[in-house]
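According to the working numbering, the sequence shown holds residues 4 to 254 in order.
Beneath this line is the structure, given in structure tokens, with notes to follow.
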Amino acid sequence: MARIIAIANQKGGVGKTTTAINLSAALAEKGKKVLLIDMDPQGNATSGFGVDKGEPDNIYDLLVNDSIASACIRHEVWKNVDLIPSVMDLAGAEIELLDIEDHEFILKRKIQKSAQKYDFVLIDYPPSLNLLTVNALTTAGSVLVPIQCEFYAMEGLTQLLLTVQLVQRKLNPSLSMEGVVFTMYDIRTNLSQQVVESVREYLKDRVYDTVIPRNVRLAEAPSHGMPILEYDSRSAGAEAYRRLAEEMLEE
Numbered sequence: 004m005a006r007i008i009a010i011a012n013q014k015g016g017v018g019k020t021t022t023a024i025n026l027s028a029a030l031a032e033k034g035k036k037v038l039l040i041d042m043d044p045q046g047n048a049t050s051g052f053g054v055d056k057g058e059p060d061n062i063y064d065l066l067v068n069d070s071i072a073s074a075c076i077r078h079e080v081w082k083n084v085d086l087i088p089s090v091m092d093l094a095g096a097e098i099e100l101l102d103i104e105d106h107e108f109i110l111k112r113k114i115q116k117s118a119q120k121y122d123f124v125l126i127d128y129p130p131s132l133n134l135l136t137v138n139a140l141t142t143a144g145s146v147l148v149p150i151q152c153e154f155y156a157m158e159g160l161t162q163l164l165l166t167v168q169l170v171q172r173k174l175n176p177s178l179s180m181e182g183v184v185f186t187m188y189d190i191r192t193n194l195s196q197q198v199v200e201s202v203r204e205y206l207k208d209r210v211y212d213t214v215i216p217r218n219v220r221l222a223e224a225p226s227h228g229m230p231i232l233e234y235d236s237r238s239a240g241a242e243a244y245r246r247l248a249e250e251m252l253e254e
């Protein structure tokens, strides 16, 4: 049975999509079958695997146009990684979804059958709270939260935890915290270390030991349509995502 994980943070620029792309690849490298669902209208997870944004049969068609999941899946965008791509039209989908019965559970209904074929289903959702993010949280069994090592990290984390608790109470009682992973860590700054210590003290054992460093090669990889494990397999960023995948598998 697939572990369905929403990769979430209501704050932008925290390495959420970078984590979605590279964690998918790292899990796949370890022999796991992964489906990545790009629910961000910007479609960065889609282009990060070299897939053109805007092609028919995408996440918008799945949610709004009554397409079936199997028709929307791009197979083997990377070895052992399948993708449901995004499209800019998704930005206006929320209004159209309002007219659909039980619109908070559309994604869950649509992928239920296809998800059974995978070990992991990762959902990259937009940095906002709307009907798309609610659909991601009602579908997921857990939430993985990337946090940038900066001053406002705790503020964004607090907002997200409140959202998760609300969804737990109202829509998805089985939703849990997968954990927090620190991104863009700069060993040279005291601030990065202070943020890590504060969040670890606050969340205790729900914080991954792996820390994703600030890494130039990691930032370059998406523009080449590759995960870091392909673009520069020996880089610090690639090794960090391998360690994160190992931690998740040990659970």
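All C-beta atoms, glycine included, are put in the ideal place defined by N, C-alpha and C.
By DSSP's assignment, Tyr211 forms no beta bridge with any residue.
Assignment of Arg217 by DSSP, reduced to helix, strand and coil, places it in the coil class. Going by C-alpha positions, Lys173 is about 21 Å away from Pro130.
In the DSSP annotation of this structure, the continuous segment of the alpha helix (DSSP H) that includes Val137 starts and ends at 134 to 142.
Here DSSP, grouped into helix, strand and coil, assigns Val167 to helix.
Judged by beta-carbon spacing, Asp189 lies within the 7 Å limit of Arg217, meaning their Cβ atoms are closer than that value. Contact between Asn138 and Ile109 holds: their C-beta atoms lie close to 6 Å from each other, under 8 Å.
The straight-line gap separating the alpha-carbon atoms of Leu39 and Glu204 is approximately 31 Å. Counting the other Cβ atoms within 10 Å of the Cβ of Pro59 gives fewer than 16, which makes it exposed.
DSSP places Gln115 inside the alpha helix (DSSP H), whose first and last residues are 109 to 118. Burial is judged here by how many other beta carbons sit within 10 angstroms of a residue's own beta carbon; Thr49 has at least 16 and is buried. In the DSSP assignment, Ile126 falls within the unbroken beta strand (DSSP E) covering 123 to 127. Per the Cβ contact rule, the segment 87 to 106 is not in contact with the segment 159 to 173 (fewer than 3 Cβ pairs under 8 Å). In this structure the segment 11 to 21 lies against the segment 118 to 130, because at least three pairs of beta carbons, one per stretch, are closer than 8 Å.
Sixteen is the threshold: when 16 or more other Cβ atoms of the shown chains lie within 10 Å of the Cβ of Lys111, as they do, the residue is buried. For Gly182, the uninterrupted beta strand (DSSP E) run begins and ends at 179 to 188, by DSSP.
Taking C-alpha positions only, Thr161 is separated from Val148 by approximately 11 Å.
The Cβ-Cβ distance between Phe185 and Val214 falls below 7 Å. A straight-line Cα-Cα distance of about 27 Å links Ser27 and Gly95.
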